[in-house]
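Novice:
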Amino acid sequence: MPNYFETAEGRRIAYHKTEGAGPTIVFLGGLKSDMEGTKAVHLEAWAKAQGRAFLRFDYSGHGESSGTFEEGCIGDWHQDTLAAIDNLTTGPVVPVGSSMGGWQSLLLARARPNRIAGLVTIAAAPDFTEDGYWAGFSEAQKALLDSQGYVELPSDYMEPYHVSKRMIEDGRTHLVLRTPLALPFPVRCLQGTADTAVSTETALRLLDHADCEDMRLTLVKDADHRFSDPRCLAMIEAAVSDVLGI
């Protein structure tokens with residue numbers, strides 16, 4: 001059973017925390033994913049075996065936390081992430097951000113730079129509400145977004161995504177690839193070449209844009225967006241070990 005805490009905004013956030021040596025590894029999941037996903041659970045088991053502190057949680061509208069996905073947006077989930085970091089961890093942290101969680105990890109690094117000891121991203125999807133959704137909308141979809149307040153987009157991985165007007169408009173206030181992005185700590189980015197949700201171009205754009213002295217991007221041939229087969233899970237372990245210096 002998960003534990004829960006309440007954010008300042010009144011959202012009830014579900015989490016699992018493992019005590020151990022720091023920095024605390026914090027898994028940040030993807031859009032419509034939850035903390036029971038393969039990568040989160042595998043990394044928790046790995047951290048436990050290493051005797052390391054670990055945290056996984058569900059954003060509001062995801063998994064076992066309160067709220068509905070349709071009502072949420074990037075800014076809400078950023079608030080949830082900050083609340084989890086501020087309330088459940090002390091000292092340095094190593095965020096491991098998957099897909100939308102990669103964007104969240106970059107927002108976290110911008111908001112709490114002094115807390116970050118290193119960063120790992122997996123198929124990071126920064127600015128996807130603008131560069132993926134909005135840029136790909138037809139005029140008819142844009143009109144529908146304006147008239148009914150949302151559109152539904154097909155997904156290769158689950159039921160259609162409900163994309164609200166609020167998510168698009170809020171996303172524009174949280175973009176990270178348009179302004180300087182300082183990452184003054186080791187960063188390891190993992191990206192599959194067979195990913196149909198996030199392109200290698202996105203990964204290269206992040207690599208080029210960030211101001212970071214120790215940043216590496218690993219492209220994995222034929223790996224998909226899930227990035228959760230045994231080979232990929234081992235690469236995640238290696239990337240976390242690398243930024244931890246172990």
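Per UniProt numbering, residue 1 is the first one in the sequence shown, and the count goes up by one each step.
Even for Gly, the Cβ is constructed at its ideal location relative to N, Cα and C.
Which class does G132 belong to by DSSP, given the choice of helix, strand or coil?
Specialist: Counting from 1 along the sequence shown, the entry for residue 132 is found at position 132. G132 falls in the helix class under three-state DSSP.
Novice: Can you find at least 3 beta carbon pairs, one from the segment 89–105 and one from the segment 29–38, that sit closer than 8 Å?
Specialist: A contact exists between the segment 89–105 and the segment 29–38.
Novice: Secondary structure at T24, three-state DSSP: helix, strand or coil?
Specialist: The sequence position of residue 24 within the sequence shown is 24, counting from 1. Three-state DSSP puts T24 in a strand.
Novice: Measuring CB to CB, does A84 end up less than 7 Å from F57?
Specialist: Counting from one through the sequence shown, the residue named residue 84 turns up at place 84. Counting from one through the sequence shown, the residue named residue 57 turns up at place 57. Against a cut-off of 7 Å, the Cβ pair of F57 and A84 comes out as a contact.
Novice: Okay, do the segment 215–234 and the segment 174–193 touch, 3+ Cβ pairs below 8 Å being the bar?
Specialist: At 8 Å Cβ cutoff, the stretches touch.
Novice: Could you compute how far the alpha carbon of E19 sits from the alpha carbon of A140?
Specialist: One-based indexing of the sequence shown puts residue 19 at position 19. One-based indexing of the sequence shown puts residue 140 at position 140. About 51 Å.
Novice: Spatial neighbours of L82 within its chain, please: CB distance less than 8 Å, with the 5 preceding and 5 following residues excluded, ordered by chain position.
Specialist: Translated into the one-based positions of the sequence shown, residue 82 becomes position 82. Excluding residues within five positions, the ones whose Cβ falls inside 8 Å are L108, A111 and R112.
Novice: When the Cβ atoms of the segment 119–131 are set against those of the segment 165–184, are three or more pairs found closer than 8 Å?
Specialist: Segments in contact, yes.
Novice: Could you spell out the range, first to last residue, of the beta strand (DSSP E) harbouring K165?
Specialist: On the sequence shown, residue 165 is found 165 positions in, with the first residue counted as 1. Taken as a continuous stretch (DSSP letters only), K165 belongs to no beta strand (DSSP E), being part of the alpha helix (DSSP H) at K165 to G171.
Novice: Would you report the Cα separation of P92 and L55, rounded to the nearest angstrom?
Specialist: Counting from 1 along the sequence shown, the entry for residue 92 is found at position 92. Counting from 1 along the sequence shown, the entry for residue 55 is found at position 55. Cα to Cα, P92 sits roughly 13 Å from L55.
Novice: Between which two residues does the alpha helix (DSSP H) harbouring C232 extend?
Specialist: The residue given as residue 232 occupies position 232 in the sequence shown. Residues P230 to L244.
Novice: With DSSP as the reference, identify every bridge partner of A182, one or two as the case may be.
Specialist: In the sequence shown, the residue the question calls residue 182 occupies position 182. In DSSP, A182 forms a bridge with D211.
Novice: What residues match up with C189 in a beta bridge as DSSP calls it?
Specialist: Taking the sequence shown and counting its residues from 1, one reaches residue 189 at position 189. Answer is T121 and L217.
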